[in-house]
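Engineer: All you need for our numbering is the position in the sequence shown, starting with 1, plus 153. Ideal Cβ placement from N, Cα and C applies to all residues, glycine included. Since this is a predicted model, take the numbers as computed values, not measurements.
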Amino acid sequence: MLVLTQGDPASIAPEITAAVWQALRQNGPAFVYVGDPSLLERRVPVQTIRYLSDGADVFGHALPVLPLHLATPPAPGEPDRRNAASVLESIRLATELTLSGEASAMITNPISKEVVQGSGFRHPGHTSYLAELCQTPGDEVMLLAGPSLKVVPITVHVALRDAIAQLSTELIIRTARTVAAGLQRDFGLSHPRLAFAGLNPHAGEHGLMGQEEQEIILPAINTLRNEGLHVSGPLPPDTMFTPHARAQYDVALCMYHDQGLIPLKTLDMAEGVNVTLGLPIIRTSPDHGTAFDIAGQNKADPRSLAAAIRLAATLAANRRKNA
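(1) Among L177, P182, I202, which has the Cα closest to the Cα of D189?
(2) Could you spell out the range, first to last residue, of the alpha helix (DSSP H) harbouring V332?
(3) Check the C-beta distance from M154 over to A209 and give it rounded, since I have them as a contact under 8 Å.
(4) Enumerate, from N- to C-terminal direction, the unbroken alpha helix (DSSP H) stretches of 4 or more residues contained entirely within the stretch 286-322.
(5) Quick one: residues in its chain with C-beta nearer than 7 Å to the C-beta of A465, no 5 flanking neighbours on either side, listed in chain order?
(6) For V199, which of S206, V218, L205, P182 has the nearest alpha-carbon?
(7) Identify, in the order they occur along the chain, each residue of the same chain with its Cβ nearer than 7 Å to the Cβ of A460, setting aside the five sequence neighbours on each side.
(8) Leaving aside the five residues before and after H214 along the sequence, list all residues of the same chain whose C-beta is less than 7 Å from its C-beta, in chain order.
(9) So, helix, strand or coil for A228, using DSSP?
(10) Can you tell me the Cα-Cα spacing of D315 and L352, whole angstroms?
(11) Go ahead and pull the three-state DSSP assignment for P167.
(12) Please list, in chain order, all residues of the same chain as A256 whose beta carbon is under 8 Å from its beta carbon, the five residues on each side excluded.
(13) Just how far apart, CA to CA, sit I165 and F349?
(14) Please classify R473: is it buried, with 16 or more other beta-carbons within 10 angstroms of its beta-carbon, or exposed?
(15) In the DSSP assignment, find the alpha helix (DSSP H) that holds H276 and state where it starts and stops.
(16) Below 8 Å, how does it come out for the stretch 274-281 and the stretch 299-306: are there three or more Cβ pairs, yes or no?
(17) May I have the straight-line CA-CA distance separating L297 from A444, to the nearest angstrom?
(18) By alpha-carbon positions, which one of A470, T429, P439, C407 ends up nearest to E285?
(19) Which two residues bound the contiguous beta strand (DSSP E) that contains A423?
(20) With a Cβ-Cβ cutoff of 8 Å, do V332 and Q319 count as a contact?
(21) Quick one: residues in its chain with C-beta nearer than 7 Å to the C-beta of D339, no 5 flanking neighbours on either side, listed in chain order?
(22) First and last residue of the beta strand (DSSP E) that includes P439?
(23) Among E168, Q364, F274, which one has its Cα closest to the Cα of R196?
(24) Could you check what DSSP says for L406 in three-state terms: helix, strand or coil?
(25) What is the C-beta distance between G449 and G230, in whole angstroms, given that I count them as a contact (C-beta under 8 Å)?
(26) DSSP state of R456, grouped into three classes?
(27) Below 8 Å on the Cβ atoms is my guess for D421 versus L336; work out the distance and round it to an integer in Å.
(28) Under a Cβ-count criterion, where at least 16 other Cβ atoms within 10 Å of its own Cβ denotes burial, should Q401 be classed as buried or exposed?
(29) Between the alpha carbons of L382 and L347, how many angstroms are there, rounded?
(30) Quick one, which of T322, E267, T328 has its alpha-carbon nearest D292's?
(31) Specify, as a first and last residue, the run of the beta strand (DSSP E) that G363 falls within.
(32) Which of the three DSSP states is assigned to S385 in this structure?
(33) Can you check the stretch 180-214 for any beta strand (DSSP E) of at least 3 residues that lies completely inside it and give the ranges in chain order?
(34) Closest to H222 by CA distance: which of Y409, P162, V294, G413 is it?
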């Protein structure tokens with residue numbers, strides 16, 4: 154059984170959750186929602202359950218819910234810090250259920266970092282919080298997967314000048330090892346092909362446009378190649394996302410956030426999925442945020458959440474097979 158977190162109650166999370174249950178109720182994958190049932194009961198049939206295992210029998214006729222309670226009724230599009238505790242408790246409980254093996258994977262609805270950080274949350278986002286809950290801080294890697302492309306940003310939610318300062322040969326090597334292991338174990342790729350983007354225009358042109366490729370990226374690639382990994386690069390970032398180039402690798406490792414997420418979201422925004430590698434559990438999420446500007450208007454596209462649920466089920470099956 155899969156578990157889906159509540160997300161921010163004032164966001165698009167309630168409406169895309171309801172829409173995805175409608176789409177999946179007949180053929181699955183089945184999931185249990187961890188959150189306040191009042192967010193959904195005006196949209197779809199809801200049934201609260203006591204045990205996760207009860208969800209399979211319920212899913213075909215109602216959305217099964219492990220109930221939590223909000224501090225105050227939410228207004229769509231108006232985030233409220235009073236509900237931050239419920240948002241975080243949903244994530245914590247879903248993680249606990251997945252760590253214990255009761256759930257095979259967890260899917261997280263979008264949250265507002267501003268809302269939860271106002272309640273003492275110390276993390277830049279979901280990913281590092283999940284690593285703390287799993288007691289594996291520092292091992293987590295964010296992979297974005299779509300039908301056309303998989304990307305990993307080696308530096309993530311930091312300012313661009315800080316991303317360049319953070320970039321190191323050690324960080325590239327550590328990230329690549331986690332990515333290769335995750336693609337083997339969860340995606341079923343026995344010999345994953347990793348392509349590395351350069352940092353500078355034209356991948357530096359042999360030092361004419363910067364030294365990072367020569368001094369930081371190439372030493373990492375050489376180390377990984379000596380370990381037996383299939384790696385290529387550093388590739389010019391402006392040409393490595395063409396259809397021909399994408400056919401030569403399984404995942405692109407990018408030096409900073411937007412270098413990877415711009416092509417991924419351009420190609421696969423509707424079906425892109427965020428996957429956290431390096432955890433003892435499987436976690437996916439849609440590749441979009443809270444969209445407070447359209448919350449409650451039934452304009453939100455549920456396809457990314459549906460893709461995240463389907464991918465979570467596939468990764469869980471692969472992990473069982475490879476165990």
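Structural biologist: So, from the listed chains and residues:
(1) I202
(2) 322-338
(3) 6 Å
(4) 313-319
(5) L155, A258, I260, I435, T437
(6) Checked all of S206, V218, L205, P182; the closest Cα to V199 is V218.
(7) Taken in chain order, the residues that qualify are E424, V426.
(8) P198
(9) In this structure, A228 counts as strand in the three-state DSSP scheme.
(10) Each residue's CA atom was taken as its position, placing D315 and L352 some 13 Å apart.
(11) Looking at P167 - three-state DSSP - the assignment turns out to be helix.
(12) M154, L155, V156, V185, L205, A247, L250
(13) 34 Å
(14) exposed
(15) Counting along the chain, H276 falls outside any alpha helix (DSSP H), and DSSP gives it neither H nor E.
(16) no
(17) 19 Å
(18) T429
(19) Where A423 is concerned, there is no enclosing beta strand (DSSP E), given that its DSSP letter is neither H nor E.
(20) Taking a C-beta distance under 8 Å as the contact criterion, V332 and Q319 do not qualify as a contact pair.
(21) I435, L468, N471, R472
(22) In the DSSP assignment, P439 falls within the unbroken beta strand (DSSP E) covering 436-439.
(23) Ranking E168, Q364, F274 by Cα distance to R196 puts E168 first.
(24) strand
(25) That belief holds up - the Cβ atoms of G449 and G230 are roughly 6 Å apart, short of 8 Å.
(26) Correct three-state label for R456: helix.
(27) Incorrect: roughly 17 Å between the Cβ atoms, too far for contact.
(28) exposed
(29) Cα-Cα distance, rounded: 8 Å.
(30) T328
(31) It is not in any beta strand (DSSP E) - G363 carries neither H nor E in the DSSP assignment.
(32) strand
(33) 184-188, 199-201
(34) P162
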